[in-house]
Structure formats: structure tokens, C-alpha cells
Amino acid sequence: MAVETSRKRFEYERFGPLIALAILFIISAIASPYFLQVQNLLNIMRQVSYTGIIALGMTFVIISGGIDLSVGSMVALVGGVVILTLNWAMGVFGAAAEAWAILFALVVGILFGAGLGALNGLMITLGKIAPFIATLGTMAIFRSMALYIGSAGVFRSQSNLFPELGMGKILEIPNPVVVFIGLAIIFSVILKQTRYGRYLCAVGSNPKVAKYSAIKVNLTRFISYVTVGITVGFSAVFLSARLNSMSSTTGGSNYELDAIAAVIIGGTPMTGGT
Numbered sequence: 228m229a230v231e232t233s234r235k236r237f238e239y240e241r242f243g244p245l246i247a248l249a250i251l252f253i254i255s256a257i258a259s260p261y262f263l264q265v266q267n268l269l270n271i272m273r274q275v276s277y278t279g280i281i282a283l284g285m286t287f288v289i290i291s292g293g294i295d296l297s298v299g300s301m302v303a304l305v306g307g308v309v310i311l312t313l314n315w316a317m318g319v320f321g322a323a324a325e326a327w328a329i330l331f332a333l334v335v336g337i338l339f340g341a342g343l344g345a346l347n348g349l350m351i352t353l354g355k356i357a358p359f360i361a362t363l364g365t366m367a368i369f370r371s372m373a374l375y376i377g378s379a380g381v382f383r384s385q386s387n388l389f390p391e392l393g394m395g396k397i398l399e400i401p402n403p404v405v406v407f408i409g410l411a412i413i414f415s416v417i418l419k420q421t422r423y424g425r426y427l428c429a430v431g432s433n434p435k436v437a438k439y440s441a442i443k444v445n446l447t448r449f450i451s452y453v454t455v456g457i458t459v460g461f462s463a464v465f466l467s468a469r470l471n472s473m474s475s476t477t478g479g480s481n482y483e484l485d486a487i488a489a490v491i492i493g494g495t496p497m498t499g500g501t
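Heads up: the sequence shown begins at 228 in this note's numbering, then just goes up one per residue.
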């Protein structure tokens, strides 16, 4: 009986947030006749896709037993670097090669995001700094860097084609939503079907046992922070493309809270593991 009660409690803790979200969805549909319209749902999906993409990477970090509070500031910094890179590349490649300049800026943004994630990962794994403290510090550092580079203003793109990346659609589905769905599928496969996914869950559940099982705990955690950095890169690229700009002061504001909340609602325990 005790085992059965514990199982019921566990299932409620895991699926309770999803049930609450479903109830909120139903209430919204009843309150407004326009809520369930396709265009409205697509607009909502576009809005949440930016933090949703980051939440995919944050899932890996939280499963590993960590947390990343710097992703919001990272969005502003990466987005600013993407726009500066794009403006520079357009000057080098010329207007005729604007598409190549955008592609170059996209790659730079993703790699830069991965680099910032790697910095967090190194501080936590090699520096032995608690994830909360380390990423709280880099949250301030990344925001300060964005403010300094952007002169506490707005990074503005000189490209007329760049907004098409953020506002464009594939089969009437917004590009950021397509990327979110694609990454969600890829990350799901990695988490459930690969050795790294099993190692990640083991490290989050009990790092000492994982270490005794010959799992490289530090490397596993480090990769999770690089992963969230990559997802921040994707999010920053599409957000800056949609706006054709990025604010150094408010860009990515509170994204870390939204991403963490999304992970919790998705059923991932804050204590790590699955």
C-alpha cells in the first residue's frame, strides 16, 4: 500500500504541472472564442519558441543536477554579436552575398553561444563552483558585456533580408517553431536512445554512483552546458532576426525563469535525474 501511495504521489508530482497547463488552456479557450484560431495558436507558438528552444538545452542541464541562470543575458550578448557580425560580413561580402553573410552570422552566433556555455561548464566542473553561484556571476558578466559593446543601446541590423529568417514560414509554420520542433525531436532521441542520455540521467540521479560506474561526470555535465549554449545561440539568432535588432538592456530579460519553468512543467525534477 505504501509503495502504491508513493507511486501515485510521484506521478502527481511529475504530471501535475502539465494537468494545470491543460486546465489553463481549456479556460482560455472558453474565455475567448479567438483563442483556438489557427493564427492565434501559431502566434503563441512563435512567442514561446524562443524560450522553448532554450528550455530544451536547460533540460539537459537540470537533469545533470545543475542550473543555468545566465541564459537571458547570454541571449542579449549573442544576439548583439550576431548583428555586429552580420553588419561586418555584409561590408566584406557585399550586398550581393547578403544571404551568405546571414549564414555566416548564424554560424558565429551558435558557436559563440556554445563557447559561453563552455565557459560556464568549465567554471562548474573544473573550478568546482556551485552552478547557481557560477551562472549568477556570468549572468551579470554577460549582461555587462552586452551593455558595453552595445553602448547600453540597441544593436541594429543593416540587412533587409535578415528579418525573413525570423518572420518566414515553412508550410505556414513560423521558422522558429520549425527549429524548436526539430531540436525537440533531436534532443529527445539523444536523451532516450543514446549512451550520453543514459549517462546524463545517471549523473543527475547520483553523481557518486555514476563516478564509480566509470562515467565521466565532469565531461557529462560540461557537455550539458555547451548544449544549452548552443540552444541560446539558435534562440538569439531567430529573436534578433525577427526584430532585426537586439536590445542590450532588455534582450532576453527573464528568459532564464521562463526556460526553467518550462522544464519543470515538462516534468523534469529540479533535483536532477529523471
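From the three backbone atoms N, C-alpha and C, an ideal C-beta is built for every residue, glycine too.
Drop a sphere of 10 angstroms on the beta-carbon of M301, count the other beta-carbons inside from all chains shown, and report buried for 16 or more, exposed for fewer.
-> Around the Cβ of M301, a 10 Å sphere holds 16 or more other Cβ atoms; the residue is buried.
Using 10 angstroms around the beta-carbon of Y277, count the other beta-carbons present and answer buried if the total reaches 16, otherwise exposed.
-> Around the beta carbon of Y277, 16 or more other beta carbons sit within 10 angstroms, so the residue counts as buried.
Which value, in whole angstroms, describes the spacing of the CA atoms of Y439 and G284?
-> Roughly 26 Å separates the two Cα atoms.
Residues bridged to S401 [DSSP beta-bridge criterion] | Checking the sequence, you will find Pro at residue 401 rather than Ser. Assignment of beta-bridge partners to P401 by DSSP yields K396.
For P434, collect the residues of the same chain with a Cβ closer than 6 Å to its Cβ; drop the 5 residues on either side in sequence, then sort them by chain order.
-> Excluding the 5 residues flanking it on each side, P434 has same chain C-beta neighbours closer than 6 Å at V444, in chain order.
Closer than 6 Å by C-beta to G431: which residues in its own chain qualify, once you throw out the five before and the five after it? Chain order, please.
-> Short of 6 Å from the beta carbon of G431, and not among the five residues preceding or following it, lie these beta carbons of its own chain, in chain order: I290, S291, G292, G499, G500.
Would you call the CB atoms of V453 and G299 closer than 9 Å?
-> Between V453 and G299, the CB-CB gap reaches or exceeds 9 Å.
Starting from the N-terminal side, write out each stretch of the beta strand (DSSP E) that is 3 residues or longer and does not extend beyond the segment 359 to 438.
-> Counting only runs of 3+ residues, the beta strand (DSSP E) found wholly inside the segment 359 to 438 occupies 381 to 383, in chain order.
Which residues in the same chain as F414 place their Cβ atom closer than 6 Å to its Cβ, once the five residues preceding and following it in sequence are excluded?
-> So the qualifying residues of the chain are L283.
Exposed or buried, which one is E399 when buried takes at least 16 other CB atoms within 10 Å?
-> E399 counts as exposed, since fewer than 16 other C-beta atoms from the protein chains shown sit within 10 angstroms of its C-beta.
Where do the ends of the alpha helix (DSSP H) carrying S300 lie?
-> In this chain, the alpha helix (DSSP H) harbouring S300 covers 298 to 320.
According to DSSP, is S474 helix, strand or coil?
-> The answer is strand: DSSP assigns S474 an E or B state.
With 9 Å set as the bound, which would you pick, yes or no: does the beta-carbon of L353 sit closer than that to a beta-carbon of chain B?
-> As a matter of chain content, chain B is missing from the structure shown, which is built from one protein chain.
Nearest neighbour of G478, chosen from F287, A361, I356, G380 [CA to CA] | Nearest of F287, A361, I356, G380 to G478, Cα basis: G380.
Cβ contact check for the segment 374 to 390 and the segment 463 to 472: 3 or more pairs under 8 Å = A contact exists between the segment 374 to 390 and the segment 463 to 472.
Hey, how far is the Cα of A367 from the Cα of F449?
-> Take the alpha-carbon of A367 and the one of F449: they are about 21 Å apart.
Spatially closest choice to I310 from S297, L330, A323, L296, by CA coordinates | Proximity to I310 across S297, L330, A323, L296 peaks at L330, based on C-alpha coordinates.
Contact set for G307: own chain, Cβ-Cβ below 7 Å, skip 5 residues either direction | Excluding positions up to five away in sequence, the list reads A373, I376, G377, F382, M473, S475.
According to DSSP, is Q274 helix, strand or coil?
-> When DSSP states are grouped into helix, strand and coil, Q274 belongs to the helix group.
Given A488, which residues of its chain have a CB within under 7 Å of its CB, disregarding the five upstream and five downstream residues?
-> Result list for A488: empty, nothing under 7 Å.
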